[in-house]
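S.K.: I'd like to ask you about the structure that follows.
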């Protein structure tokens, strides 16, 4: 019994790392321009792409900024949140396992 | 400022940064660090010790970095990720904790802090795990201490190489290669036991269930049979089916010792079995086989060492020889039917006196050399007879060998010169008396017991019980004549009579005749009932 448990553990350990999707969440205070600026600066989007994503945020509640490895996703979320804080905006960025 | 990272680690990080910018990455990733680290000599050496194909690992990492990571056009300065910051932080904490500068192995270990990364995934895929790295790092630290002592480049390299070998072979850690010992002449010659050895070889050459269990009382030479086999294999006097085999004596205690976590022991055992299977032409000898029962198991499950052995034993890939005593077998193997059926039993009986004498003759050379004494054949005969008669709770040949060894040691201690001393009969008598706590009497014609005048002697002290004395003296003389069985007491008497008639006095007067007061009282009480 114990052996099978252990084996399962090791199997899960060497599973391929999962990807993470980073979303920007809608709020009622952050201006449109700031969301676009964040997307361009941090997520390397073009102006058009950024506007498209911001539209999603505004209408659908959240907008997908990209799918990254955990390391990158984590850092992007952190930078975006920091960027919002510095500029005194309540913009929230989150990551979700894909 | 105190240096926190070793030069190698700093160099790796710097080069990794360049690598990331060459790949036009936005961030400096842990995978960059690993791919660069794998190019350094230090890490390559580590990987070799862990038996990891680092070139493949490297190319896998390259593929990952080239295909799965976003490229940014204007990336002159890759940024640090949070994971990278954590990694460096961990290294610094580690340095402060341990007081040692963080080395490359610490860098690799630190990567395991973040399990959800491709570098950890790939490392695990190629068989590198955190524990193995930590173990290796610890080993390296220890060897570095040694290096500082010797301060000799070549010797330290040799040590590293040796350690590599030790690391790879669990077998050499937890088993003794008896054939190797035999080759080095470290096994004393074994005499006799030809039949049992032959039977053992017959069993080992079976197709399936080629496992033997040697059963015999302690000291009859179960271990010696395996040693004999090792000697025979080295001398190439065995059937060709098993010539060239290696005999490994598995040390169960060594496997248990230092098994810190649950499962450590089982892993070691499995590793040993695996290595034996891979090696082929191996015979695994497990002395005190009963200890395998319950080993590694906790109260809730039945998964003990024997159950790990079972599959290996049944498919015939490994030849296992166990040895245990009847007593222990009764409580363990006999109760475990599945185990019992995998074993062919060989009874190792106690050798008779004649064989024991032969064994002693074969062995005496080594003892003579060691103790600087010499044993004549007569003395050896004497030792066997006396130890057989007086040391009844142990078995031949062990008890006789014990006496040979101990008498040699006693004489060696007394001997102040360098001249070889011949062991005398008196030495043996003294020793056996001491060991058995019974005065030893040798019948050699002399009237040491005073048998001739026994009747008169007793009667001089004891009056009025002539008929009882006559009876007792008769019996003693009879038994001393050599007609009775040596294994039985000289004589047993019951003095029955009312209290105060002089039963105890009668007993006390018998010099050299031991009557158990307790037993005697008991019988007396029974009679009263």
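Chains as they are written, first to last, in my numbering: chain A, -12 to 85; chain B, 145 to 673. Note that the Cβ used here is the ideal one computed from N, Cα and C, for glycine as well. It should be emphasised that the depicted structure is a prediction, and the values quoted were computed from it without experimental measurement.
Please state whether DSSP places residue 390 of chain B in a helix, a strand or coil.
M.R.: In the structure shown, residue 390 of chain B sits in a strand (DSSP, three-state: E or B).
S.K.: Please identify the residue among B:533, B:262, B:483, B:325 whose C-alpha is closest to the C-alpha of residue 59 of chain A.
M.R.: For the residues B:533, B:262, B:483, B:325, the minimum Cα distance to residue 59 of chain A belongs to B:262.
S.K.: Enumerate, from N- to C-terminal direction, the unbroken alpha helix (DSSP H) stretches of 4 or more residues contained entirely within the region 442 to 524 of chain B.
M.R.: The region 442 to 524 of chain B contains these whole alpha helix (DSSP H) runs: 449 to 458, 470 to 475, 481 to 486, 497 to 515.
S.K.: Pick out the complete alpha helix (DSSP H) segments inside the region 394 to 425 of chain B, 4 residues or longer, and give them in chain order.
M.R.: The qualifying runs are 396 to 400, 408 to 423.
S.K.: So is residue 156 of chain B buried or exposed if we call it buried at 16+ other beta carbons inside 10 Å?
M.R.: It counts as buried.
S.K.: Please state whether the Cβ-Cβ distance between residue 85 of chain A and residue 6 of chain A is less than 8 Å.
M.R.: It is a contact, given that the beta carbons lie within the stated cut-off.
S.K.: Mind listing the chain A neighbours of residue 261 of chain B? Cutoff is C-beta to C-beta under 9 Å, in chain order.
M.R.: Result: 4, 56, 57, 58.
S.K.: Determine the burial state of residue 150 of chain B: buried for a count of at least 16 other Cβ atoms within 10 Å of its Cβ, exposed for fewer.
M.R.: With 16 or more other Cβ atoms within 10 Å, it is buried.
S.K.: Per DSSP, what kind of secondary structure is residue 80 of chain A in: helix, strand or coil?
M.R.: If DSSP states are grouped into helix, strand and coil, residue 80 of chain A belongs with the strands.
S.K.: Enumerated in chain order, which unbroken segments of the alpha helix (DSSP H) with a length of 4 residues or greater are wholly contained in the region 195 to 239 of chain B?
M.R.: The region 195 to 239 of chain B contains these whole alpha helix (DSSP H) runs: 198 to 212.
S.K.: Kindly say whether residue 211 of chain B, judged by its beta-carbon, lies nearer than 8 Å to any beta-carbon of chain A.
M.R.: So, not an interface residue.
S.K.: Counting only beta-carbon separations shorter than 8 Å, does residue 33 of chain A have a partner in chain B?
M.R.: Judged by the 8 Å Cβ criterion, residue 33 of chain A is not in contact with chain B.
S.K.: When you compare each of B:485, B:565, B:562, B:572 to residue 544 of chain B by their alpha carbons, which one comes out closest?
M.R.: Measuring from the Cα of residue 544 of chain B, the nearest candidate turns out to be B:572.
S.K.: Can you look up residue 263 of chain B in the DSSP assignment and give me helix, strand or coil?
M.R.: Here residue 263 of chain B sits in helix by DSSP.
S.K.: Determine contact between the region 159 to 168 of chain B and the region 46 to 55 of chain A, defined as no fewer than three beta-carbon pairs at a distance below 8 Å.
M.R.: No, they do not touch.
S.K.: What first and last residue would you give for the alpha helix (DSSP H) that runs through residue 313 of chain B?
M.R.: That residue, residue 313 of chain B, is in no alpha helix (DSSP H); it is neither H nor E in DSSP.
S.K.: Assess, as a yes-or-no matter, whether the region 368 to 377 of chain B is touched by the region 504 to 514 of chain B under the definition of 3 or more beta carbon pairs within less than 8 Å.
M.R.: Counting Cβ pairs under 8 Å, fewer than three are found: no touch.
S.K.: So, do the region 378 to 393 of chain B and the region 415 to 427 of chain B have three or more beta carbon pairs nearer to each other than 8 Å?
M.R.: Touching, yes.
S.K.: Could you tell me the alpha carbon to alpha carbon distance between residue 383 of chain B and residue 432 of chain B, rounded to whole angstroms?
M.R.: Taking the straight line from one Cα to the other gives about 27 Å.
S.K.: Cβ of residue 80 of chain A within 8 Å of Cβ of residue 171 of chain B?
M.R.: It is not a contact, given that the beta carbons lie outside the stated cut-off.
S.K.: Mapping DSSP to helix, strand and coil, what is residue 245 of chain B?
M.R.: Coil at residue 245 of chain B, not helix or strand.
S.K.: In whole angstroms, what separates the C-alpha of residue 548 of chain B from that of residue 611 of chain B?
M.R.: When rounded, the distance between both Cα atoms is 45 Å.
S.K.: Can you tell me the Cα-Cα spacing of residue 251 of chain B and residue 324 of chain B, whole angstroms?
M.R.: Residue 251 of chain B and residue 324 of chain B: Cα-Cα distance of roughly 40 Å.
S.K.: Where does residue 324 of chain B fall in DSSP's three states?
M.R.: Of the three classes helix, strand and coil, the one that applies to residue 324 of chain B here is helix, per DSSP.
S.K.: Using only the alpha-carbon positions, how far apart do residue 46 of chain A and residue 64 of chain A sit?
M.R.: Between residue 46 of chain A and residue 64 of chain A, the C-alpha separation is close to 21 Å.
S.K.: Is there at least one Cβ from chain B nearer than 8 Å to residue 61 of chain A's Cβ?
M.R.: Judged by the 8 Å Cβ criterion, residue 61 of chain A is in contact with chain B.
S.K.: Please name the residue or residues paired with residue 53 of chain A in a DSSP beta bridge.
M.R.: Residue 53 of chain A is bridged to A:9.
S.K.: Along chain B, which residues have their Cβ under 9 Å away from the Cβ of residue 40 of chain A?
M.R.: The premise fails here: residue 40 of chain A is roughly 16 Å from chain B at the closest Cβ pair, so nothing lies under 9 Å.
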